[in-house]
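Q: My questions will all concern the structure given below.
Residue numbers (the UniProt record's numbering): 1 to 76.
Put into structure tokens, the structure is as follows:
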């Protein structure tokens, strides 16, 4: 049985998430809305306090962008 790339990616992501302490939010939006959402996220959770970042992203066949934002649960 062949594995699809998404199956492999999901399995690797599940392994990586165990106990690292980050909160992750995944969004699927049209390109311009994705840019605005990422900017809003980084404004709401600044990198200096929350270590926020775009963890991964990809363009879907329909042109939408699927991306995962990562941050710490709270700033010290």
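From the three backbone atoms N, C-alpha and C, an ideal C-beta is built for every residue, glycine too.
Do you know how far the Cα of residue 27 is from the Cα of residue 33?
A: Approximately 10 Å, taken between the alpha carbons.
Q: Along the chain, where does the beta strand (DSSP E) that runs through residue 25 open and close?
A: Looking at the DSSP string, the run of the beta strand (DSSP E) that includes residue 25 is 23 to 29.
Q: Span of the beta strand (DSSP E) holding residue 53?
A: That run of the beta strand (DSSP E) goes 53 to 59.
Q: Could you tell me the boundaries of the beta strand (DSSP E) in which residue 71 lies?
A: Taken as a continuous stretch (DSSP letters only), the beta strand (DSSP E) holding residue 71 covers 65 to 71.
Q: Does the Cβ-Cβ distance between residue 70 and residue 55 come in under 8 Å?
A: Taking 8 Å as the Cβ cut-off, residue 70 and residue 55 qualify as a contacting pair.
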